[in-house]
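Peer 1: Here it is, the structure, as structure tokens.
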Amino acid sequence: MFKNLRLFLPLLKGHYKKYIIASLALLVVDIIDVSLPLLTGLAFDSMINGISGKIGAAEAVQRLGLIVLVYFAGILVQGFLRYWWRYLYHSASLLVANNIRNKFFGHLQKLSMNFFHNARTGDIMSRATNDVEWVKMFMGEGAIIIVDICFYFIMVPFIMFSKSPSLTLYIILSCAFIPFFVRSTSKRLHAKSAEVQESMSGISQSAEENFSGVRVVKSFAQEANQLDRFRATNEVYLQKNLSLAKLSSYFHPFLGFNVGLSAFIILLAGGLQVIDGKLTPGDVVAFMQLLGRIAWPMVGLGISITIYQRASASLERLTQIFNVQPEVKDQGANLVPETNDLEVEFRNVNFSHKIPELSQDGIPQQDKFKTTQVLKNINLKIPANSVVAITGPIGSGKTTLLNLLVRFYDGDSGEIMINGINIKNYSVKNLRSMMGLVPQDVFLFSDTIRDNIAFGLDDPTTDEKISNTAESVVMREAIDSLPQKYGAYLGERGVNLSGGQRQRVSLARALIKNPPLLILDDCFSAVDFETERTILRNIIANKSQSQTVLVVSHRLAVMSMADFIVFVDKGEIVEQGTHAELIAKNNAYARFCEYQNIKEQLEGD
Ligand SMILES: Nc1ncnc2c1ncn2[C@@H]1O[C@H](COP(=O)(O)OP(=O)(O)OP(=O)(O)O)[C@@H](O)[C@H]1O
Ligand SMILES: [Mg+2]
């Protein structure tokens, strides 16, 4: 059960001092806490002795006064130290969680595309939130309970035993099954609250879908059906909650009954021992109060085992992600290109997609995968500062070719060179900072238009530069017509741009970097022909001397503007040359253009 305990040790690093000071403070508080029942017992005995005349009234008052004074000092110190140990334990656990979250996010940033392709977002999110939360719980609340109950387990039975061994035995026996009870009930409580949470997310999803799909619901007149469906989901939630309430309602009364039973034993057996003269009435009072101090550690034992088991499973799930190694990494040479005139060359490059099998936890396994070959024998030379179009049927491998160039993946064999140097010899950061990629799937952040455009820049930029870039992608007018212009927020609670406008903002993000290698992956698909032509002309006209442009497209306008064309089919380069040369060959490319021509004419009509 405790095999994962060693996983927690490194988390303590840097926080030892806090944990030690907090534990010492807790020790003092607990020593005082178990002394208070003894003081209460002494106070009672002084009162009884005073009343019965065993000692004089003045002496009884004096004793009582002294005891009360010590009692007061004790609770004062306790109050002060309780603040400190709570604060220290909790702040240490918050720092541990903070550290794990940062490390986790940092680690994810390093992982390669393959990981993100195969891992489920929901699963990663739940590790980053729920699992970190459980580890924090163990390092804070869990650590407090464990240290606390250890102190109590050592001190309380010892004190009780010194007063009455037989009474101690009865009490411990009557409380002994509390940890088992707490453990099994809290397990069931947890399972039930997980079910409640799950059905709550069912409710949110059902409501959210209804709101966002309101047009469909209304146009199909499905309001009543939607309500019935919601009622059914809500009923499930109610039933699960009632079942949870039933279980948690019997948890506390049952514990209370058990403690009450021990109090009954103390009164009966302790009372008889007082009458026999073996104990003083004050001892029975002390026992009564100590009862709470032995019942708590029993409950705490059950709770701490539950927290430990959850946290240990969580830490294991986090460790699984930490153990995933990035496939694409720096290889040590970390060269920097000497010029911005970049010549790109693919030499005999082959690439297969590895589709890893998922482990039971949904994590892609590094050693078990299926492969499918996507690129075969790619040989391609792109001269510095040229404009090259890559075209070919859907799924032929164009995006994959670009993915290899930016090192989202590494090829299985062959070499990709930039200026005669294998791209693996540049650091990944240096390599990617040479490039501006406009991916096929547009992604914009829920941020302002300005920040979306300036995303890839390390230094602050000017409004003028941003609006010039917007101009070159024919977005200036559209942005100027927005009330907040470049400060307009994109996303759910902001403005919604059309598909084509989003593509153009995504294009502006790459253009503003003015990268030596501009890579455009089919980024005009949602833009009309005329605008596309204007943007392309702008790109080529504004293109700095030192800029190589690689553009994937099906559009004829792009092809005619490119210096040369690469035609990819089924993962192979079947033809390359200028548009005129390839048309003259009257082969695959020419046929593709014919088809594309008809398609564009139809779409244009
Ligand atoms: N992550 C992946 N895992 C497995 N197979 C993939 C993956 N991504 C792409 N593929 C496969 O690789 C092949 C090439 O895909 P790619 O995206 O490079 O095509 P494409 O030429 O860019 O197509 P399109 O014109 O539709 O953009 C396709 O058959 C696709 O199914
Ligand atoms: Mg593609």
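The opening position of the sequence shown corresponds to residue 9 in this note's numbering, with each subsequent residue numbered one higher. Even for Gly, the Cβ is constructed at its ideal location relative to N, Cα and C. Keep in mind the model is a prediction, meaning the values are calculated, not measured.
Helix, strand or coil for R458? Go by DSSP, reduced to three states.
Peer 2: Stepping through the sequence shown from its first residue, residue 458 is reached at position 450. Three-state DSSP puts R458 in a helix.
Peer 1: Determine the direct distance from the alpha carbon of L46 to that of W93, and round the result to whole angstroms.
Peer 2: Numbered from 1 along the sequence shown, position 85 holds the residue referred to as residue 93. Numbered from 1 along the sequence shown, position 38 holds the residue referred to as residue 46. Those two C-alpha atoms are separated by around 24 Å.
Peer 1: Which residues does DSSP pair with R355 in a beta bridge?
Peer 2: Here residue 355 refers to the residue found at position 347 when the sequence shown is read from its first residue. Per DSSP, E423.
Peer 1: Starting from L452, trace the alpha helix (DSSP H) both ways and give me its first and last residue.
Peer 2: Indexing the sequence shown from 1 puts residue 452 at position 444. Premise fails: L452 is in no alpha helix (DSSP H) and is neither H nor E.
Peer 1: May I ask whether a heavy atom of ligand 2 can be found less than 8 Å away from the beta carbon of Q448?
Peer 2: On the sequence shown, residue 448 is found 440 positions in, with the first residue counted as 1. Indeed, a heavy atom of ligand 2 lies less than 8 Å from the Cβ.
Peer 1: Report buried or exposed for R239, applying the criterion of at least 16 other Cβ atoms within 10 angstroms of its Cβ.
Peer 2: Walking along the sequence shown from the start, residue 239 turns up at place 231. The residue is exposed, with fewer than 16 neighbouring Cβ atoms inside 10 Å.
Peer 1: Just to check, is the beta-carbon of K406 closer than 8 Å to a non-hydrogen atom of ligand 1?
Peer 2: Along the sequence shown, one-based indexing puts residue 406 at 398. Yes, the Cβ of K406 comes within 8 Å of a heavy atom of ligand 1.
Peer 1: Kindly provide the ranges of any alpha helix (DSSP H) runs that are 4 or more residues long and lie completely inside the segment 179 to 221, ordered along the chain.
Peer 2: For the segment 179 to 221, whole alpha helix (DSSP H) runs of length 4 or above, ordered along the chain, are 186 to 220.
Peer 1: First and last residue of the alpha helix (DSSP H) that includes Q584?
Peer 2: By one-based count along the sequence shown, residue 584 stands at place 576. Segment E580 to G585 is the beta strand (DSSP E) holding Q584; no alpha helix (DSSP H) there.
Peer 1: Is D530 near ligand 2, in the sense that its beta carbon is under 8 Å from a heavy atom of that ligand?
Peer 2: Taking the first residue of the sequence shown as position 1, residue 530 is located at position 522. Yes.
Peer 1: Output yes or no for whether 9 Å exceeds the beta carbon distance between R510 and V450.
Peer 2: On the sequence shown, position 502 is the one that residue 510 refers to. On the sequence shown, position 442 is the one that residue 450 refers to. Going by C-beta atoms, R510 is nearer than 9 Å to V450.
Peer 1: Can you find a heavy atom of ligand 2 that lies under 8 Å from the Cβ of V344?
Peer 2: By one-based count along the sequence shown, residue 344 stands at place 336. V344 Cβ: outside cutoff for every heavy atom of ligand 2.
Peer 1: Whole-angstrom Cβ separation of A478 and A518, contact assumed at under 8 Å?
Peer 2: As a working note, residue 478 is residue 470 in the sequence shown. As a working note, residue 518 is residue 510 in the sequence shown. That belief does not hold up - the Cβ atoms of A478 and A518 are roughly 13 Å apart, past 8 Å.
Peer 1: With respect to the alpha helix (DSSP H) encompassing D291, which residues constitute its N-terminal and C-terminal limits?
Peer 2: On the sequence shown, residue 291 is found 283 positions in, with the first residue counted as 1. Segment P289 to F330, the alpha helix (DSSP H) holding D291.
Peer 1: On the DSSP letters alone, give me the boundaries of the beta strand (DSSP E) that I474 sits inside.
Peer 2: For this step, residue 474 is matched to residue 466 along the sequence shown. First-last for I474: D471 to S480, but that is the alpha helix (DSSP H), not the beta strand (DSSP E).
Peer 1: Under the criterion of a Cβ to heavy atom distance below 8 Å, does V560 qualify as lining ligand 2?
Peer 2: To locate residue 560, count along the sequence shown from 1; it is residue 552. True, at least one ligand heavy atom lies under 8 Å from that Cβ.
Peer 1: Candidates A321, G428 and F123: which alpha carbon is nearest N138's?
Peer 2: Looking up residue 138 in the sequence shown gives position 130. Checking every option, the nearest Cα to that of N138 belongs to A321.
Peer 1: Note the first and the last residue of the continuous alpha helix (DSSP H) segment covering A496.
Peer 2: Start at 1 with the first residue of the sequence shown, and residue 496 comes out as number 488. From DSSP, A496 is part of no alpha helix (DSSP H); its letter is neither H nor E.
Peer 1: Under a Cβ-count criterion, where at least 16 other Cβ atoms within 10 Å of its own Cβ denotes burial, should I474 be classed as buried or exposed?
Peer 2: Stepping through the sequence shown from its first residue, residue 474 is reached at position 466. It is buried - the Cβ of I474 has at least 16 other Cβ atoms within 10 Å.
Peer 1: Excluding five sequence neighbours on each side, which residues of the same chain lie with their C-beta closer than 8 Å to the C-beta of A105?
Peer 2: Residue numbering aside, residue 105 sits at position 97 when the sequence shown is read from its first letter. Taken in chain order, the residues that qualify are V140, E141, V143, K144 and M147.
Peer 1: From E580, M55, L590 and N550, pick the residue whose C-alpha is nearest to that of M567; which is it?
Peer 2: Position 559 of the sequence shown, counted from the first residue, corresponds to residue 567. When only C-alpha atoms are compared, the closest one is L590.
Peer 1: Got a sec, what are the start and stop residues for the alpha helix (DSSP H) A68 sits in?
Peer 2: The residue given as residue 68 occupies position 60 in the sequence shown. From DSSP, the alpha helix (DSSP H) with A68 extends over A65 to K118.
Peer 1: If you draw a straight line from the alpha carbon of V267 to that of T314, how long is it in whole angstroms?
Peer 2: Counted from its first residue, the sequence shown places residue 267 at position 259. Counted from its first residue, the sequence shown places residue 314 at position 306. Roughly 21 Å between the two C-alpha positions.
Peer 1: Could you compute how far the alpha carbon of I108 sits from the alpha carbon of L177?
Peer 2: If you number the sequence shown from 1, residue 108 lands on position 100. If you number the sequence shown from 1, residue 177 lands on position 169. The alpha-carbon atoms of I108 and L177 are separated by roughly 45 Å.
Peer 1: If you measure from the CB of T380, is any heavy atom of ligand 1 nearer than 8 Å?
Peer 2: The residue you call residue 380 lines up with position 372 of the sequence shown. Within the cutoff, so yes.
Peer 1: Going by beta carbon distance, what residues of the same chain come within less than 8 Å of R545, once the five residues before and after it are set aside?
Peer 2: Translated into the one-based positions of the sequence shown, residue 545 becomes position 537. So the list reads M569, once near-sequence residues are dropped.
Peer 1: Is it true that the segment 41 to 57 meets the segment 284 to 299, where meeting means three or more beta-carbon pairs spaced less than 8 Å apart?
Peer 2: Touching, yes, given that three or more Cβ pairs across the two stretches are closer than 8 Å.
Peer 1: Within 9 Å (strictly less), CB to CB, does R135 reach chain D?
Peer 2: In the structure shown, chain D cannot be found, because there is only a single protein chain.
Peer 1: Rounded to whole angstroms, what's the CA-CA distance from L74 to L102? Just pull it up for me.
Peer 2: Start at 1 with the first residue of the sequence shown, and residue 74 comes out as number 66. Start at 1 with the first residue of the sequence shown, and residue 102 comes out as number 94. About 42 Å.
Peer 1: Straight-line CA distance for E485 to N476?
Peer 2: For the purposes of this step, residue 485 is taken as residue 477 along the sequence shown, with counting starting at 1. For the purposes of this step, residue 476 is taken as residue 468 along the sequence shown, with counting starting at 1. Looking at the two C-alpha atoms, the distance is approximately 11 Å.
Peer 1: Reducing DSSP to helix, strand and coil, say where S367 ends up.
Peer 2: Locating residue 367 in the sequence shown gives position 359, where the first residue counts as 1. It is coil, neither helix nor strand.
Peer 1: Start and end of the beta strand (DSSP E) containing D38?
Peer 2: By one-based count along the sequence shown, residue 38 stands at place 30. Looking at the DSSP string, D38 is not in any beta strand (DSSP E); the run it does join, the alpha helix (DSSP H), is Y24 to S60.
Peer 1: Return helix, strand or coil for S360, following the three-state DSSP convention.
Peer 2: By 1-based counting over the sequence shown, the position of residue 360 is 352. Correct three-state label for S360: strand.
Peer 1: Just the C-alpha distance for K593 and I457, rounded to the nearest angstrom, thanks.
Peer 2: If you number the sequence shown from 1, residue 593 lands on position 585. If you number the sequence shown from 1, residue 457 lands on position 449. Roughly 45 Å separates the two Cα atoms.
Peer 1: In the structure shown, what three-state DSSP assignment does Q381 receive?
Peer 2: In the sequence shown, residue 381 corresponds to position 373, counting from 1. Looking at Q381 - three-state DSSP - the assignment turns out to be strand.
Peer 1: Report the CB separation of Q86 from D131 in whole angstroms; it is logged as a contact under 8 Å.
Peer 2: As a working note, residue 86 is residue 78 in the sequence shown. As a working note, residue 131 is residue 123 in the sequence shown. The pair is not a contact, with the Cβ atoms about 45 Å apart (cut-off 8 Å).
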